[in-house]
Each structure stands twice: as C-alpha cells, then as structure tokens.
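Numbering (full-length UniProt numbering), first residue to last: 1 to 150.
This is the structure:
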C-alpha cells in the first residue's frame with residue numbers, strides 16, 4: 001500500500017556557499033533497518049512550505065527525520081519573507097512503528113544555524129486513521145491522492 005503525506009509545512013538547510021551538498025529535488029528512496037513486525041510501507045513526503053510568524057526570514061531549510069531509520073535535508077530556500085517554499089519530494093520505506101520529525105532552521109553563514117520550529121507526526125496513528133477511513137468508504141479510493149497537512 002502506498003501512503004502519501006503532502007504539504008508538511010517545514011524547511012531545511014544546506015548552504016551552497018559553504019560547499020555542503022543539498023538534497024536532490026527528485027524523489028530518492030531511503031531504506032530502513034528491519035522492523036520487529038517485518039512490515040514496511042512506502043511513504044512519500046512532499047516538503048512544500050512554511051508559514052512563519054517573523055516577517056523577514058531568509059535562507060531557511062528543513063531537517064526531516066523518519067525515526068529511527070533515516071534523515072533527509074532540503075535545499076536552502078533564499079526567498080525573502082515569512083512563507084518559504086521548498087517543494088521537495090522524498091520517498092521512504094518505513095516500518096509500522098515509525099514517527100516523523102521535521103525541524104525548520106534559519107541558515108547562518110558565519111555562525112551556527114538557528115532553530116525556528118518543529119512538527120512531529122506519529123505515523124502509526126496516521127496509518128491507522130487512514131485505514132479506518134478507507135474501511136468506511138463505499139467507493140474505490142485506490143486512485144485518490146491521500147494527503148495530510150501538518
């Protein structure tokens with residue numbers, strides 16, 4: 001079963017000026033270690049944008065963690081304003097007991113990057129709620145996009 005989460009409002013960094021590689025814009029697969037149950041799902045994450053309270057934030061990025069298996073980072077967004085857009089897609093193979101943590105940072109050129117905020121999602125609970133909704137449906141949802149905004 002392919003589950004999708006789109007619209008996760010967060011950001012990642014990697015400063016090109018410092019020569020740090022950034023995440024590819026195309027989707028990439030991250031393989032986890034074996035889970036206790038042996039069950040895995042494919043999770044597609046589209047890190048789109050954030051709505052920040054500050055008015056003049058630039059150079060933001062997102063660190064996203066699929067706990068405990070993997071970590072990805074977005075490219076640094078250099079758009080001036082409080083609504084950075086990353087629009088990057090990542091594909092993970094995850095176990096049933098995984099969780100996802102997204103942290104937004106302000107990229108700094110000469111000092112340590114500043115933490116802005118975070119969001120955490122228990123993927124097991126999310127999958128259970130999707131499963132319940134699918135069982136309640138009286139029509140075929142196989143071709144529908146299932147998305148969630150955190």
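The beta carbon of each residue, even a glycine, is placed where N, CA and C say it ideally should be.
Segment contact: the segment 86 to 101 against the segment 116 to 125, three or more CB-CB distances shorter than 8 Å; contact assigned.
By the CB criterion at 8 Å, residue 43 and residue 92 fall inside the cutoff. The C-beta distance from residue 74 to residue 62 rounds to 5 Å, short enough to fall under 8 Å.
Straight through space, the alpha carbons of residue 41 and residue 67 are spaced by roughly 14 Å. Inter-residue distance for residue 45 and residue 129 is about 18 Å (C-alpha atoms, whole angstroms). By DSSP's assignment, residue 63 forms a beta bridge with 73, 103.
Judged by DSSP in its simplified three-state form, residue 82 adopts coil rather than helix or strand.
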